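Here the structure comes first, spelled out in structure tokens, and everything after it is commentary.
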Amino acid sequence: MGLVEGYLTCRRVIQHMYNMIWSKPRRDPRAYTFLNSQYMFMREQAAEKHGDDPFWFNVRMQLARLDGMMEGLVRRQQHAIRDKEVGYESWAYMPVTFLVLYELNS
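If you're matching positions, the sequence shown starts at 1 in full-length UniProt numbering and goes up one per residue.
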């Protein structure tokens, strides 16, 4: 889930992340700590309760979609670099990582 979406929208996702995350100074590290703890809680609950609770089942499905999007982003970047589609100073070398998308405190 999400793999093709991430692959096809890679450039726009990176542009958005640059505009919203990397180009702005961090204001309050407590906000990022809070978001990270909530994300980890959500992952744990979805893993434990997805079989018994429809809410956590749907949360788990959305997390799977985000995981797929992340995989698509990484693959698109790797293909662009491998195929020499881009120069070094381009979107393909922007550091798209699990931490940037999910934990916001890399």
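Don't be surprised by glycine CBs; every beta carbon is placed ideally from N, CA and C.
Note that this is a predicted model, so its numbers are computed, not measured.
Of the residues the options, the one placed nearest residue i, counting alpha carbons only
{"i": "R76", "options": "F55, F57 and Y7", "result": "Y7"}
{"i": "F57", "options": "M69, E44 and T33", "result": "E44"}
{"i": "E5", "options": "D83, A64 and R82", "result": "A64"}
{"i": "I14", "options": "M70, A31, G51 and K84", "result": "M70"}
DSSP-derived helix/strand/coil call for residue i
{"i": "T9", "result": "coil"}
{"i": "V4", "result": "helix"}
{"i": "H50", "result": "coil"}
Enclosing alpha helix (DSSP H) for residue i [first to last residue]
{"i": "G68", "result": "P54 to R82"}
Residues near residue i by beta carbon distance below 7 Å, same chain, minus five either side
{"i": "K49", "result": "W56"}
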